[in-house]
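Here is the structure we will look at, set down as structure tokens.
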Amino acid sequence: MSLWVDKFRPKTLDDLHYHQSLSIRLKSLAASADFPHMLFYGPSGAGKKTRISCTLRQLFGSGVEKLKIDQRVFISPSKRKLEINVVQSNFHIEITPSEAGNYDRVVIQDLLKEIAQTQQVDLNAKHRFKVVVINEADSLSRDAQAALRRTMEKYMSNMRIILCANSTSKLIAPIKSRCLLMRVAAPNPEEMQIVLEHVAKKLKFDLPEEASQQIAEDSGGNMRKALLVFEALKMQSPDLSGSLTIAKPDWEIYCHKVADLIVQEQSPARVLEVRAKLYELLAHCIPPTIILKTVAERVVERVDEAMKADVMHWAAFYETRMRLGNKKIYHLEAWVVKVMSLYKHFMYNFDMADFE
Amino acid sequence: MYKAAVPLKMHTIKSSSGSTPKASRKKTKLKTVKLDASSEPPNKKLRTSAKLPVFDLIGSVPQPQPQESPASSQQPSLLQPQIQRKDVKGKGKPPVDRDDDRLWVDKYEPTIEADLAVHKRKVEDVRRWLSEAFEGGSAGKLRKYRRILVLTGPAGTAKTTTLRVLAREMGFEIVEWRNSMSERGPSTLIDDFGDDSWMDTEALFDKFQAFLTRASSCYNIFAASSAIVSTQPQSHTQSKFPSQSSTPSLPSTSSSRPSNRHLILLEDLPNILHLPTQARFHDALQSLCSSSESGPPVVIIISDSGLRGENAYNDDTWDGAGGARWSKKETIDIRSLLGADLSTSPYVTRIAFNPIAPTLMNKALQAMLTKHFASTSGKPPAKDVVEMIVESSNGDIRSAVMALEFACVVTLTKGGGKGKTRRNAAGSARAVLEAVTRREQSLVLFHLMGKILYNKRKGDPPATHLSARDAAKERELDETLLDPSPLPNWLSEHDRKASRVCLETIASDSPIDSSLLGLYIHENYTMFCTDVDQCDGVCEGLSWVDCVGGNLPSTTPHAFPTLALSTLHALPTPVPRKGQKVCKPSWFDVRNKEQDALEGVGDVVTWLGQGGASDERAPGRWTHADVALELGGWLRAADRTGIAQLQLPRTHRLFSSLPWCAGGVSGNVLGEDENGEADGVDGEGDIRVLGALRDQKEGKGWWLESDDIEEAE
Numbered sequence: 199m200s201l202w203v204d205k206f207r208p209k210t211l212d213d214l215h216y217h218q219s220l221s222i223r224l225k226s227l228a229a230s231a232d233f234p235h236m237l238f239y240g241p242s243g244a245g246k247k248t249r250i251s252c253t254l255r256q257l258f259g260s261g262v263e264k265l266k267i268d269q270r271v272f273i274s275p276s277k278r279k280l281e282i283n284v285v286q287s288n289f290h291i292e293i294t295p296s297e298a299g300n301y302d303r304v305v306i307q308d309l310l311k312e313i314a315q316t317q318q319v320d321l322n323a324k325h326r327f328k329v330v331v332i333n334e335a336d337s338l339s340r341d342a343q344a345a346l347r348r349t350m351e352k353y354m355s356n357m358r359i360i361l362c363a364n365s366t367s368k369l370i371a372p373i374k375s376r377c378l379l380m381r382v383a384a385p386n387p388e389e390m391q392i393v394l395e396h397v398a399k400k401l402k403f404d405l406p407e408e409a410s411q412q413i414a415e416d417s418g419g420n421m422r423k424a425l426l427v428f429e430a431l432k433m434q435s436p437d438l439s440g441s442l443t444i445a446k447p448d449w450e451i452y453c454h455k456v457a458d459l460i461v462q463e464q465s466p467a468r469v470l471e472v473r474a475k476l477y478e479l480l481a482h483c484i485p486p487t488i489i490l491k492t493v494a495e496r497v498v499e500r501v502d503e504a505m506k507a508d509v510m511h512w513a514a515f516y517e518t519r520m521r522l523g524n525k526k527i528y529h530l531e532a533w534v535v536k537v538m539s540l541y542k543h544f545m546y547n548f549d550m551a552d553f554e
Numbered sequence: 101m102y103k104a105a106v107p108l109k110m111h112t113i114k115s116s117s118g119s120t121p122k123a124s125r126k127k128t129k130l131k132t133v134k135l136d137a138s139s140e141p142p143n144k145k146l147r148t149s150a151k152l153p154v155f156d157l158i159g160s161v162p163q164p165q166p167q168e169s170p171a172s173s174q175q176p177s178l179l180q181p182q183i184q185r186k187d188v189k190g191k192g193k194p195p196v197d198r199d200d201d202r203l204w205v206d207k208y209e210p211t212i213e214a215d216l217a218v219h220k221r222k223v224e225d226v227r228r229w230l231s232e233a234f235e236g237g238s239a240g241k242l243r244k245y246r247r248i249l250v251l252t253g254p255a256g257t258a259k260t261t262t263l264r265v266l267a268r269e270m271g272f273e274i275v276e277w278r279n280s281m282s283e284r285g286p287s288t289l290i291d292d293f294g295d296d297s298w299m300d301t302e303a304l305f306d307k308f309q310a311f312l313t314r315a316s317s318c319y320n321i322f323a324a325s326s327a328i329v330s331t332q333p334q335s336h337t338q339s340k341f342p343s344q345s346s347t348p349s350l351p352s353t354s355s356s357r358p359s360n361r362h363l364i365l366l367e368d369l370p371n372i373l374h375l376p377t378q379a380r381f382h383d384a385l386q387s388l389c390s391s392s393e394s395g396p397p398v399v400i401i402i403s404d405s406g407l408r409g410e411n412a413y414n415d416d417t418w419d420g421a422g423g424a425r426w427s428k429k430e431t432i433d434i435r436s437l438l439g440a441d442l443s444t445s446p447y448v449t450r451i452a453f454n455p456i457a458p459t460l461m462n463k464a465l466q467a468m469l470t471k472h473f474a475s476t477s478g479k480p481p482a483k484d485v486v487e488m489i490v491e492s493s494n495g496d497i498r499s500a501v502m503a504l505e506f507a508c509v510v511t512l513t514k515g516g517g518k519g520k521t522r523r524n525a526a527g528s529a530r531a532v533l534e535a536v537t538r539r540e541q542s543l544v545l546f547h548l549m550g551k552i553l554y555n556k557r558k559g560d561p562p563a564t565h566l567s568a569r570d571a572a573k574e575r576e577l578d579e580t581l582l583d584p585s586p587l588p589n590w591l592s593e594h595d596r597k598a599s600r601v602c603l604e605t606i607a608s609d610s611p612i613d614s615s616l617l618g619l620y621i622h623e624n625y626t627m628f629c630t631d632v633d634q635c636d637g638v639c640e641g642l643s644w645v646d647c648v649g650g651n652l653p654s655t656t657p658h659a660f661p662t663l664a665l666s667t668l669h670a671l672p673t674p675v676p677r678k679g680q681k682v683c684k685p686s687w688f689d690v691r692n693k694e695q696d697a698l699e700g701v702g703d704v705v706t707w708l709g710q711g712g713a714s715d716e717r718a719p720g721r722w723t724h725a726d727v728a729l730e731l732g733g734w735l736r737a738a739d740r741t742g743i744a745q746l747q748l749p750r751t752h753r754l755f756s757s758l759p760w761c762a763g764g765v766s767g768n769v770l771g772e773d774e775n776g777e778a779d780g781v782d783g784e785g786d787i788r789v790l791g792a793l794r795d796q797k798e799g800k801g802w803w804l805e806s807d808d809i810e811e812a813e
């Protein structure tokens with residue numbers, strides 16, 4: 199018994215089911231002597247990490263799968279200790295610097311310098327360099343990105359960096375220009391169906407066509423989500439027959455209902471009600487940006503064309519404030535109230551126009 | 101063995117033979133010669149300083165530690181004269197004089213259970229635990245599980261005193277750990293120069309560990325011997341350090357059993373916030389629990405340090421960017437103190453003390469007054485002064501006693517003018533007390549919130565509940581207010597009448613800081629708004645201030661007035677009175693829940709990393725955000741099918757399921773059955789009403805925490 203996403207994760211570039219051309223490119227890159235810094239970007243669940251690990255395997259052989267987890271301690275300039283989990287093999291090291299919050303620059307600098315200054319000692323290693331995988335690179339602070347940029351040039355001889363990000367928009371241009379950009383697009387529904395069927399075949403059961411179709415459509419190009427939903431469904435009804443109510447995640451439904459609340463009524467009492475819901479979402483560890491995004495998207499669906507731009511504008515506006523400030527609920531609620539106020543005025547003016 | 105323990109401040113004190121009649125009339129007075137007076141926290145010092153002179157063992161028994169340098173091994177000889185000097189000084193003074201020196205907190209510390217202002221049930225709980233720890237309870241088997249008792253509660257709720265009183269009554273001794281920076285206290289003055297003795301001290305934690313092992317395996321020889329010597333029953337003469345019992349010269353003592361029973365009291369803890377220290381502390385306690393040989397029980401006392409709004413910037417809500425802030429805890433609570441394993445293990449019992457109930461405190465203070473004025477001349481303060489003190493103390497009896505003592509001193513000094521106008525005196529007493537006991541009072545907070553949220557402006561009709569006098573006062577105030585100069589046309593929407601709220605006084609008198617003010621406003625503004633547009637104004641202000649404050653601690657001087665002003669500007673005027681009640685911010689509850697849930701996410705991440713769900717170990721594949729967002733459905737399904745071999749971490753339920761409940765606003769009414777230790781997980785009904793506080797009946801004997809504005813539960 200295991201999580202299918204992990205169990206059937208492709209190990210080599212040949213095993214990958216979609217984006218064949220990308221796989222071919224990665225393979226030839228790995229074969230060439232000149233492996234560049236790389237930046238993998240694409241929506242979550244598209245298979246960025248899978249491709250990175252496949253590429254690493256292509257580069258170094260199965261040795262990269264012997265992972266160990268290390269807790270490293272870094273000291274921030276203000277003498278504060280930061281404990282960061284580092285996953286590493288003999289050939290590569292993987293970090294999530296956003297764990298260090300504001301001090302990611304320290305982590306990046308220290309860690310990269312340390313790796314860069316040590317030579318590969320394993321004589322059997324295929325390459326002289328080590329690879330540093332930086333996850334969630336788009337949440338790196340400006341400082342950290344600036345620190346990275348220098349290091350990337352300086353230590354090219356014995357280190358390569360692979361960045362993994364959702365979008366390139368939050369990375370500074372110097373970094374983008376130093377990397378080979380690899381876009382990992384979300385798989386289309388047909389490709390997802392192929393993967394789902396592959397999993398079903400491995401597990402030796404039949405996946406009804408319509409079930410796989412529905413799963414693929416519902417997951418919106420997120421392969422990980424699709425596989426998780428698939429597994430959850432299989433657990434619930436082993437024959438996968440009957441009406442398949444593909445369960446969206448709870449929080450998503452919840453967010454949609456919050457959006458409905460906003461559109462239905464605009465009053466202080468309703469603000470209070472929405473706040474309780476937002477609190478509930480926050481208490482379940484749903485990142486506030488995701489909440490804002492999901493609710494805003496749903497609100498946009500429900501309001502008049504003329505208002506859509508405004509709703510999104512204010513969502514963006516309060517998202518920025520949310521990143522700057524520290525009490526997320528204020529900004530979420532300020533957005534909700536702003537939308538309510540806009541909506542109310544809009545409806546009011548609309549009525550008046552009708553009247554004339 | 102015992103000698104070695106001396107430097108660890110086991111506070112071995114013997115009452116000397118030179119006791120005066122005065123001393124024996126009251127309880128035994130002892131004096132601790134503190135070798136490290138400089139490093140002791142001041143209030144502890146107050147409490148432990150007792151009256152009679154004493155000679156300290158460190159002086160008479162020089163015991164150089166093996167690793168000490170020759171220079172430092174000479175120290176006892178340097179030390180001795182000084183101690184003796186102290187002793188002489190102590191003896192020389194007439195004890196009557198010294199009596200008056202002591203603070204009432206120490207002077208009238210309860211010695212018998214009846215004097216305690218703590219609710220009987222709590223005392224009974226502690227007593228039961230102690231007797232089970234020493235005797236094993238009715239079945240005799242409980243002893244094994246009564247290893248660690250954690251007493252929690254706000255400051256000044258008589259946690260330590262309860263323990264001491266029970267120690268006296270049940271006849272066991274308390275061995276207490278004290279952090280000390282230097283073992284040689286006063287001597288550092290002497291050998292400060294040309295001596296490198298400061299180089300060789302052991303690490304503090306090593307001392308602590310040594311203390312633990314010694315204390316758990318050794319007995320105090322003096323206490324044991326005195327128990328044999330002594331013959332008469334005692335209850336009131338025993339000192340508050342039971343380890344000192346008494347000497348033949350002061351015949352007293354004897355519980356029928358020799359008092360070789362002792363417990364270890366940890367109140368002054370090592371620096372738990374330092375992670376390695378914390379880990380070692382956990383290990384030390386763990387080994388204490390698991391050792392088969394049953395040593396003495398350990399009592400740990402934690403004063404809940406309230407959570408302040410300004411702390412919040414440090415562990416704010418998770419921003420979804422990784423496991424960023426989920427493991428940082430800045431305050432000591434039972435969980436960080438004992439570690440997750442231990443705090444849930446059967447070896448640990450937790451008894452939470454509540455703030456002292458007003459009636460109980462009132463009774464205790466009155467008793468104290470009678471006692472005090474029986475021996476001293478003077479006039480006890482009026483009853484309403486006592487009530488005022490009780491009211492303002494927020495259930496903190498230590499501060500109440502301090503205030504009471506102060507009140508007595510004040511009335512004594514200006515006793516002459518007091519007779520004429522009683523009312524005047526009461527008024528001035530109130531003013532003085534207000535100046536003295538300006539604590540973060542809920543009452544003031546309550547008024548502050550009322551002032552801001554009701555947004556009264558010049559010319560508002562008086563509220564219906566106001567008396568004629570108050571209405572007249574308002575009119576008077578209105579006359580002093582200047583009308584603001586009119587705004588130009590294009591700003592006319594921002595035109596407001598002059599506010600009756602004086603921002604300067606509010607800002608300077610506020611018991612809370614701006615971030616807490618923000619939370620209070622945020623929690624309550626909707627009820628005072630009539631329209632969404634007004635809400636928009638308030639929200640915008642909150643959001644703006646929060647974002648400008650950024651990651652700095654909210655010490656910007658402008659945050660508070662900005663918040664108050666933007667709120668006042670946005671709220672309707674006059675605010676319709678609909679029987680609104682000011683609620684406590686639920687933000688803390690939510691954050692606690694969130695932190696728990698994050699721990700759940702963390703558990704699942706570790707579980708996945710350790711190969712819980714896959715064949716090989718694959719750390720680092722799942723990020724916190726992925727788990728929180730996408731794994732929920734799978735986890736629930738896995739839970740429902742109940743596959744045992746999966747061994748899912750149970751904590752996932754904290755985040756994985758999120759049912760939509762139709763009932764929008766959770767009840768903000770003070771639950772009658774709510775008890776002091778409401779934990780954050782069942783948060784729904786946790787919003788407490790400040791306003792309901794005043795007519796709170798306390799027939800049940802505990803004091804609801806609704807007035808404790810800082811507590812985070």
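One line per chain: the protein sequences are A and B, in this order.
Quick note: the first sequence uses the numbering used here, first residue 199, plus one each step.
Quick note: the second sequence uses the numbering used here, first residue 101, plus one each step.
Just so you know, even glycine gets a beta-carbon here, dropped at the ideal spot from N, CA and C.
Assigned secondary structure, residue i (DSSP; H/G/I helix, E/B strand, else coil)
i: L663(B); result: helix
i: A820(B); result: This structure cannot settle anything about residue 820(B), because the visible part of chain B is limited to 101 through 813.
i: Y516(A); result: helix
i: T630(B); result: coil
i: Q269(A); result: strand
i: S445(B); result: coil
Residue j beta carbon less than 9 Å from that of residue i
i: V490(B); j: P396(B); result: no
Interface flag, residue i vs chain A, CB-CB below 9 Å
i: F755(B); result: yes
i: R228(B); result: no
i: W734(B); result: yes
i: S766(B); result: A caution first: S766(B) carries a pLDDT of 46, below 50, which makes its placement in the model unreliable, though a value can still be read off. At least one chain A Cβ lies under 9 Å of S766(B).
i: L251(B); result: no
Residue i at chain B interface by Cβ criterion, 9 Å
i: I413(A); result: no
i: D341(A); result: no
i: K402(A); result: no
i: R270(A); result: no
i: L480(A); result: yes
heavy atom of the ligand FAD below 8 Å from residue i C-beta
i: D613(B); result: No copy of the ligand FAD appears in this structure; indeed no ligand is present at all.
Residues near residue i by beta carbon distance below 6 Å, same chain, minus five either side
i: A363(A); result: Y239, A335 and D336
Own chain, CB closer than 8 Å to residue i, minus 5 neighbours either side, in chain order
i: P661(B); result: L603 and A607
Cβ shell of residue i (< 7 Å), same chain only, five flanking positions each side left out
i: Q269(A); result: E281 and N283
i: L587(B); result: H594 and D595
field: Stretch-stretch touch, CB-based, cutoff 8 Å, three pairs: the segment 337 to 345 of chain A with the segment 312 to 320 of chain A
entry: no
- request: Would you be able to state if there are at least three C-beta pairs under 8 Å between the segment 249 to 265 of chain B and the segment 206 to 214 of chain B?
  value: yes
- prompt: Between the segment 453 to 472 of chain B and the segment 438 to 445 of chain B, are three or more C-beta pairs nearer than 8 Å?
  reply: Contact between the segment 453 to 472 of chain B and the segment 438 to 445 of chain B is absent, because fewer than three Cβ pairs lie under 8 Å.
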